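See the structure below:
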């Protein structure tokens, strides 16, 4: 390209401040990461000696890094910059194990797939069907839980439908309500293990 044309092209591009050029190259802000906490529950006097909690099964729409705000009106509202700090299924499993261990101090509670294996007296399975806000802004948890006892051989199952009003109308409030709902679910599973 002749030198005259290069000079003309140089004049056609306006001089932009470096900050404007850098802003165009930067990506979206870092995501805000959230985790669940287990709320303490009632301590029960007995329970199976060794309990295994199977990996928690999630409805597919929940199995993502972004927090699902709602599934109302045939639409999925997902928070693009509010993420779970770890995969939701394993995090729920870890939190439920902590909760059951607190509620059943005479039981050893282990998570499936962990480094420890044992001869289990009871195995707990949980399916999470729904875990998001309804149209009124209340958290809805719909879950199924099943327990298989080894000695003597028997089983029990139950459906849980838990509703919680978040303490604030933001993602942090939703996560707090999820923690409370999971604690209530854990209370129910602990009762099933009696």
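Residue numbers (our numbering): 35 to 228. The beta-carbon is built from N, C-alpha and C at its ideal position, and this holds for glycine as well. Keep in mind that this is a model prediction, so the values were computed, not measured.
- CA-CA distance, residue 70 to residue 213, rounds to 5 Å.
- In the DSSP assignment, residue 142 falls within the beta strand (DSSP E) that extends over 142 to 145.
- A distance below 7 Å between beta-carbons, with the five flanking residues on each side excluded, links residue 207 to the following residues of its chain, in chain order: 200, 201.
- Counting C-beta atoms within 10 angstroms of its own C-beta, residue 66 has fewer than 16 neighbours from the protein chains shown and is therefore classed as exposed.
- The criterion of a C-beta distance shorter than 8 Å is not satisfied by residue 123 and residue 145.
- When secondary structure is reduced to three states using DSSP, residue 101 falls in the strand class.
- For residue 191, the enclosing beta strand (DSSP E) covers residues 188 to 198.
- Contact annotation: residue 127 and residue 97 have beta-carbon atoms that are not nearer than 8 Å.
- Residue nearest to residue 170 within the set 130, 197, 110, 216 is 197 (criterion: CA-CA distance).
- Per DSSP, the continuous alpha helix (DSSP H) segment holding residue 216 begins and ends at 205 to 226.
- Around the beta-carbon of residue 133, 16 or more other beta-carbon atoms lie within 10 Å, marking it buried.
- Counted as a single uninterrupted DSSP element, the beta strand (DSSP E) harbouring residue 176 occupies residues 173 to 183.
- Taking a cut-off of 8 Å on C-beta distances, the segment 102 to 111 touches the segment 161 to 170, as three or more cross pairs fall below it.
- In terms of CA proximity to residue 175, 161 leads the group 85, 187, 181, 161.
- With a threshold of 16 other beta carbon atoms within 10 Å, residue 188 falls short and is exposed.
- Within the same chain, and ignoring the five residues on either side of residue 101 in sequence, the residues whose Cβ sits closer than 8 Å to its Cβ are 68, 112, 113, 116, 117, 118, 205, 208, 209.
- Using a Cβ distance threshold of 8 Å, residue 81 and residue 227 count as a contacting pair.
- Across the set 85, 110, 216, the C-alpha of 85 shows the shortest separation from the C-alpha of residue 138.
- Note: residue 166 is bridge-paired with 174 in the DSSP secondary-structure output.
- Nearest in C-alpha terms to residue 221, of all of 185, 173, 179, is 179.
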